[in-house]
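So the structure is just underneath, and the comments pick up after that.
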Amino acid sequence: MTSPKFITFEGIDGSGKSTQSRLFADRLRAQGRDVILTREPGGSPGAEEIRQLLLTGDTDRWSAETEILLFTAARRDHLEKTIQPALAAGKTVICDRFADSTRVYQGATRGDLRAMVDSLHTLMIGREPDLTFIIDMDPAMALERGLARKSGEDRFEDFGLGFQETLRHGFLALAHVQPDRCVLVDGNRTPDQIASEIAAHL
Ligand code: TMP
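The sequence shown: position 111 = 111 (my numbering), numbered continuously.
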């Protein structure tokens, strides 16, 4: 089996996926792999600008439908400018969030918009990761951790605990229907324990 080149980390806010993406990138680099670590929304100059629009301000700043358009625009730029060139150069791309976040955050929290998300993804992105780690964590603990960071990018945390619980179910459902691509990881442990389990998958 060829080793996966495009690897994503997903999970609710405060689940520890950014830490795990970083630890995983460090581990692969230590093995001599040429790795880029990137994130969504963002990962290219244009997409980082769109990130600011999406993650700051009031919860009702954008409807879920408008968010789908903005996240997809950011993703398209990220794909064109960062992900595809890196993959073409033979690098491994590790991405903190990708299309699964849109499927869950926009597709399953404020009405069933999944068909809209999927159509736009097919039209504009048309690419799935080779491997996705979904970090599952208790939503109350994760939300507390996420808000404690005071990152100033809390628009989605501000939707509250019920929203995070809906997200958790959305990610669990994704892992269930896509077992070949998605690996569910118990995030209610120390970062080192979680990192060891993730490393064992390669
Ligand atoms: P993060 O960088 O801390 O993970 O924050 C990104 C936020 O954006 C997080 O609350 C999840 C949200 N998000 C979506 O709602 N849809 C998406 O497609 C992506 C990539 C992120």
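Don't be surprised by glycine CBs; every beta carbon is placed ideally from N, CA and C.
Computed from a predicted model, the values in this text were never measured in an experiment.
query	result
Counted within 10 angstroms of its Cβ, other Cβ atoms place V93 as buried (16 or more) or exposed	buried
Extent of the continuous beta strand (DSSP E) to which V177 belongs	From DSSP, V177 is part of no beta strand (DSSP E) but of the alpha helix (DSSP H) over L161 to V177.
Environment of V35 [buried if 16+ CB atoms lie within 10 Å]	buried
Any non-hydrogen atom of ligand 1 within 7 Å of E153 CB	yes
Three-state class that DSSP yields for E40 in the structure shown	coil
Check: L53 C-beta below 7 Å from any heavy atom of ligand 1	no
Sub-8 Å separation of G11 and I135 beta-carbons	yes
Contact set for A73: own chain, Cβ-Cβ below 7 Å, skip 5 residues either direction	I50
Of the residues A86, E67, G111 and A99, the one placed nearest H121, counting alpha carbons only	A99
L87, DSSP secondary structure in three states	helix
Collapsed DSSP secondary structure at L202 in the structure displayed	coil
Beta-carbon contacts of T19 that lie in its chain and below 8 Å, excluding the five residues immediately before and after	P191
Contact under 8 Å by Cβ, D186 with K5	no
L167 beta carbon less than 8 Å from that of A175	no
Distance cut-off 7 Å: S101 Cβ against heavy atoms of ligand 1	yes
Helix, strand or coil at D158 [DSSP, three-state]	helix
Per DSSP, the bridge partner or partners of E10	I134
For I198 and A30, the rounded distance between their alpha carbons	15 Å
Span of the beta strand (DSSP E), counted from its first residue to its last, around L184	C182 to D186
Outcome for M137 when other beta-carbon atoms lying within 10 angstroms are tallied against a minimum of 16	buried
F71: CB within 7 Å of a non-hydrogen atom of ligand 1	yes
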